[in-house]
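Start counting the sequence shown at 3; every next residue gets the next number (our numbering).
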Amino acid sequence: MSKRRPLVAGNWKMNGTRAEAAALVDGIKNGVSSASKAEVAVCPPFILVPLVAERLAGSAVVWGGQNLSVHKSGAYTGEVSGPMLKDYACTYAIVGHSERRTYYGEDDNLVAEKFAAAQSHGLVPILCIGETLAERERGQTEQVVARQLDAVLEKSGISALGSAVIAYEPVWAIGTGKTATPEQAQAVHKFIRDKLAKLDRHIAEGVRILYGGSMKGSNAKELIGQPDIDGGLIGGASLQAEEFLTICRAAD
Ligand code: PGA
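Structure (structure tokens):
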């Protein structure tokens, strides 16, 4: 068993009314005890962050944003900044999710800037990396995740990984029902950790690397049981309290 504290983070994506969010977050809160070994987080859409923050205050569950601006404040219509997330006591900010990279043109450099922005405002970035199906089929998985990591390492340095989380999310497994096998996921997680270990063994040993991509109650235990998988970033299955709690228990 690793010394790293597992983290199970829900990424609600663009889902939920206030009523749905309240019911979901209350269901999760009631199922997570402060004695649980795994850390549990939820990342709602920005507009639901205040509601979630209010309902989770003082509970064992923490929360975060799904994205953030690289800027602190100013004339950036439609953006939400790190200080704004911090003002609502967010712990985490997801950066570089593949949906941001694919649909909103976020490249490695911008993701590296968002990573740095999150840290500069006291948020812990959850850095998402992962290859597409075409890249995997061309045998480029390691090359792609290395490139995505290098952008962050070049900008922020290896020490920055001491207060960050990595999420390996193969794009072909996100929302498709096609999960990476535990062996496939473990191989990439080990590659990531080994790559970081070449720069700093201690940081590499401590950084949590989550798996994301169709994780659910029925496959979580096997995935999180792998030596280099330290939890999950959960999309679809985080929208039902019971399913999400099953994953949290699997990580415990
Ligand atoms: P999924 O999404 O669990 O619905 O596959 C994971 C993610 O995109 O973070």
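Note that beta-carbon positions come from the ideal geometry of N, C-alpha and C, so glycine has one too.
Quick check: is any heavy atom of ligand 1 less than 7 angstroms from the C-beta of Met-86? As a first step, residue 86 must be located in the sequence shown, where it is residue number 84. Taking non-hydrogen atoms of ligand 1 into account, the C-beta of Met-86 is found less than 7 angstroms away from none of them.
Compare the Cα-Cα distances from Arg-149 to each of Ala-222, Ser-122 and Val-113 and report the closest residue. Mapped onto the sequence shown, residue 149 falls at position 147. Ranking Ala-222, Ser-122 and Val-113 by Cα distance to Arg-149 puts Val-113 first.
Rounded to whole angstroms, how far is the Cβ of Trp-65 from the Cβ of Ala-43, which I believe are closer than 8 angstroms? Walking along the sequence shown from the start, residue 65 turns up at place 63. Walking along the sequence shown from the start, residue 43 turns up at place 41. 6 angstroms between Cβ atoms; contact.
Give me the Cα-Cα distance between Pro-8 and Lys-218, rounded to the nearest whole angstrom. Indexing the sequence shown from 1 puts residue 8 at position 6. Indexing the sequence shown from 1 puts residue 218 at position 216. Inter-residue distance for Pro-8 and Lys-218 is about 16 angstroms (C-alpha atoms, whole angstroms).
Between the alpha carbons of Asp-28 and Gly-12, how many angstroms are there, rounded? In the sequence shown, counting from the first residue as 1, residue 28 sits at position 26. In the sequence shown, counting from the first residue as 1, residue 12 sits at position 10. Distance between the alpha carbons of Asp-28 and Gly-12: 14 angstroms.
Quick check on DSSP: helix, strand or coil for Glu-41? In the sequence shown, counting from the first residue as 1, residue 41 sits at position 39. Annotated three-state conformation of Glu-41 is strand, per DSSP.
Are there 16 or more other CB atoms within 10 angstroms of the CB of Thr-181, so buried, or fewer, so exposed? The sequence position of residue 181 within the sequence shown is 179, counting from 1. By the C-beta density criterion, Thr-181 is buried, having at least 16 other C-beta atoms within 10 angstroms.
Is Ile-176 helix, strand or coil when you go by DSSP? Here residue 176 refers to the residue found at position 174 of the sequence shown. In the three-state reduction of the DSSP assignment, Ile-176 falls in the coil class, being assigned neither a helical nor a strand state.
Do Ile-226 and Tyr-170 have their CB atoms nearer than 8 angstroms? Here residue 226 refers to the residue found at position 224 of the sequence shown. Here residue 170 refers to the residue found at position 168 of the sequence shown. Cβ atoms of Ile-226 and Tyr-170: not closer than 8 angstroms.
Determine the DSSP secondary structure at Gly-237, reduced to helix, strand or coil. Here residue 237 refers to the residue found at position 235 of the sequence shown. Secondary structure of Gly-237 (DSSP, three-state): coil.
Under 6 angstroms, CB to nearest heavy atom of ligand 1: contacting residues: Answer in sequence order: Asn-13, Glu-171, Ile-176, Gly-177, Gly-214, Gly-215, Ser-216, Met-217, Leu-235, Ile-236, Gly-237, Gly-238 and Ala-239.
Would you identify the three-state DSSP class for Ile-160, choosing helix, strand or coil? Looking up residue 160 in the sequence shown gives position 158. Correct three-state label for Ile-160: helix.
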